[in-house]
Each structure stands twice: as structure tokens, then as C-alpha cells.
Amino acid sequence: MADIEGLLDDLGNDTRRKILFLLAERPQFVSEIAEQLDVGRKAIIEHLRRLEDSRLVSSEEKRLSQGRPRKYYEIRREVFFNVGISPGFVDFSELESGKEIDEVEKLDMEMDELEVAPLQERKLAGSVILNKLESHMERLESEWVEMQRLLNRARRLLNK
């Protein structure tokens, strides 16, 4: 739980969230980030240090054709959270990425095939896959909410 709390503290900062949005687009170096956010380089370096400590961001020095090497920062990993708040229960936890569901595995393989498909086919098949994924997510979210409700009900019964 301590790691999650620290991570939530780091994500609670507006500048760090903006940095993550920028890095989600592509790896960037300190000066680029500072310029886009209109924030001083020293402050950006400190925010990036916090994000590296949280293991959300990693850095790598790259030498371009000319000039000295630059340190590029990028998103290190995917992170998903579960936040549950109800009477008698508060939970913040990191969700593990898993592929237990056959349908998800099938969609994952379809996405792999799509990445090498011609553009026209990619657009057509991609929109079908996108609709399937959105529908699947809606079902999972509904099930998750219902399971949380039952879990909280069970906890309340045990606390009586």
C-alpha cells in the first residue's frame, strides 16, 4: 500500500501529470518539456526525478549526429489502478495486467496481425476491433462494480 500511496502522491501533482501526458506522446528531453509547460528546467528535473523514483518514467542518454548527448525521458510501464470508495471501505490498489480471458487473447492476436496489415484493411478491421474492445470493457466494468458492491456487503456483514 505504501507504494500506491506514494504513486498517488506523485500523480496528485498537476505538473507531473502534464509531464506524463507529454511523455505518453513520445520520449522527450528536459528542455523540450520545460518549454512546452513553461516551467523552469530545475523544477522539471525534480519532477522527473520523482517520476523515475516511482518507476513510471525512465531515462536514457542518446547521442544525436551532432552535439553532446541528451537525456531522453519516456514512460516506463503501463500502470492501472483500482480505486474503491464506499461506506466502511476505501481501497487503492494497482491492477496487474493479465490475459486470463480467451476473448482478450484473441483480440490481442488480431491486433498483432493488424499492425502489419495494409492501411485500408487496418482502418476497417481496426474499427471493428475497437468496438469489440469498448464493449468488452463496458461488460467488465459492470461486473467489477457489482463484485465491489458484493465485496463491500460481505465486509460490512463481517464487521457487525
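By this note's numbering, the letter at position 106 of the sequence shown is numbered 541, and the numbering carries on one by one without gaps. The beta carbon of each residue, even a glycine, is placed where N, CA and C say it ideally should be. All figures in this text were calculated on a predicted structure; none of them were measured in a lab.
The alpha-carbon separation between serine 562 and leucine 593 amounts to approximately 46 Å. When secondary structure is reduced to three states using DSSP, valine 539 falls in the helix class.
Per DSSP, valine 563 is not a residue of any beta strand (DSSP E); the alpha helix (DSSP H) it occupies stretches across 554-594. Glutamate 495 carries a strand assignment under DSSP once its states are collapsed to helix, strand and coil.
CA-to-CA, the gap between leucine 568 and lysine 541 works out to about 11 Å.
Shown here, serine 489 sits in coil according to DSSP, grouped into three states, outside any helix or strand. Residue environment analysis places arginine 451 among the buried positions, since at least 16 neighbouring C-beta atoms fall within 10 angstroms of its C-beta. In this structure, the CA atom of leucine 575 is about 17 Å from the CA atom of aspartate 543. Assigned with DSSP and collapsed to three states, aspartate 438 falls in helix. DSSP places arginine 451 in the uninterrupted alpha helix (DSSP H) bounded by 449-460. Sorting Asp488, Gln471, Asp438 by C-alpha distance to the C-alpha of isoleucine 454 places Gln471 at the top. In the three-state reduction of the DSSP assignment, valine 525 falls in the strand class. Just so you know, the alpha carbons of alanine 560 and proline 553 end up roughly 11 Å apart.
By the Cβ-count criterion, leucine 486 is buried, with 16 or more other Cβ atoms from all chains shown falling within 10 Å of its own Cβ. Counting along the chain, glutamate 513 sits inside no beta strand (DSSP E), nor does DSSP assign it H or E at all. Residue state for glutamine 471 is assigned as helix, using DSSP reduced to three classes.
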